[in-house]
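One structure is given here, and the rest of the page talks about it.
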Amino acid sequence: ETGVTQSPTHLIKTRGQQVTLRCSSQSGHNTVSWYQQALGQGPQFIFQYYREEENGRGNFPPRFSGLQFPNYSSELNVNALELDDSALYLCASSIGLQSQYFGPGTRLTVL
Amino acid sequence: GQQLNQSPQSMFIQEGEDVSMNCTSSSIFNTWLWYKQDPGEGPVLLIALYKAGELTSNGRLTAQFGITRKDSFLNISASIPSDVGIYFCAGPPYILTGTASKLTFGTGTRLQVTL
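Protein chains in written order, with the numbering used here: chain A, 956 to 1066; chain Y, 214 to 328.
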């Protein structure tokens, strides 16, 4: 158990809808990173939040956005969902440059 | 962009056998991390390596940070059925000045253990 929790566990949406995924970081961790993992592939970096500011972004369009709160928990928002957004969404928490610990993920299915 | 290639892609081994897998990068890494992922779950950190040449063990697992800083190796001794899963190498391809870094993941090695 890493102490990183995510909700919901599973989610089904239709194309064009919007979704919000949530992550609670491990106690004492000030950095949250979000990853998208398509079936059969390794996780791909979406963005990272450090002390409530976005701190680096991967190759994802602006309809992927996020927030980090004062307690270091975080949200990932995806607007105008597309079929290709179906994936396991993972968040990972860390203390700055140290190793990242992952939550169990949210499985998003877009129909 | 950064690419991490893992080999083998998949392997079937018998319980009790030793396993070796490796990860190579097109550029230098400052940190190598090895994760294991079970189906439908998040990756679990197994071993972290921070210095070229470093050899670190965690129970039956041993990992090494290659001297060139472009590769890393993971060995599992005396495999057991619960070792089944996908093993990923990962590392930060660069460090953003004054802030934390992202991870690039390898392509994964799927391990299956037969009795």
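Even glycine gets a Cβ: it sits at the ideal position worked out from N, Cα and C.
When Y/Leu-274, Y/Asp-296, Y/Gln-219, Y/Ile-280 are compared against Y/Cys-236, the one with the closest alpha-carbon: Y/Gln-219
Cβ of A/Gln-981 within 7 Å of any chain Y Cβ: no
The segment 1034-1043 of chain A / the segment 286-294 of chain Y touching (three or more Cβ pairs under 8 Å): no
Through-space distance from Y/Ile-293 to A/His-965, alpha-carbon basis: 30 Å
Three-state secondary structure assigned by DSSP to A/Leu-1066: coil
Residue-chain proximity (A/Phe-1015, chain B), Cβ-Cβ < 7 Å: Of the protein chains in this structure, namely A and Y, none is chain B.
Contact with chain A by Y/Phe-242, beta-carbon distance below 7 Å: no
Option nearest A/Thr-986 by Cα separation, candidates A/Asn-1026, A/Ala-993, A/Tyr-1044: A/Asn-1026
Contact belief for Y/Val-326 with Y/Ile-260 at Cβ below 8 Å, rounded distance in angstroms: Not quite, the Cβ-Cβ distance comes to about 19 Å (not below 8 Å), so this is no contact.
Nearest candidate by alpha-carbon position, reference Y/Cys-217, set Y/Arg-323, Y/Leu-328, Y/Thr-317, Y/Thr-322: The sequence shown places Leu at residue 217 of chain Y, rather than the Cys named in the question. Measuring from the Cα of Y/Leu-217, the nearest candidate turns out to be Y/Thr-317.
Classification of A/Gly-983 by the beta-carbon crowding that lies within 10 angstroms, buried from 16 upward: exposed
Other residues of its chain near A/Arg-1012: CB distance less than 6 Å, five sequence neighbours each side excluded: Counting only Cβ-Cβ distances below 6 Å, and skipping sequence neighbours, we find Phe-1002.
Beta carbon proximity, Y/Phe-318 to chain A, threshold 7 Å: yes
Neighbourhood of A/Gln-973 by C-beta distance below 8 Å, restricted to the same chain and skipping five residues each side: Asn-1032, Val-1033, Asn-1034, Ala-1035, Leu-1036
Per-residue DSSP class, three states only, for A/Leu-1038: Three-state DSSP puts A/Leu-1038 in a helix.
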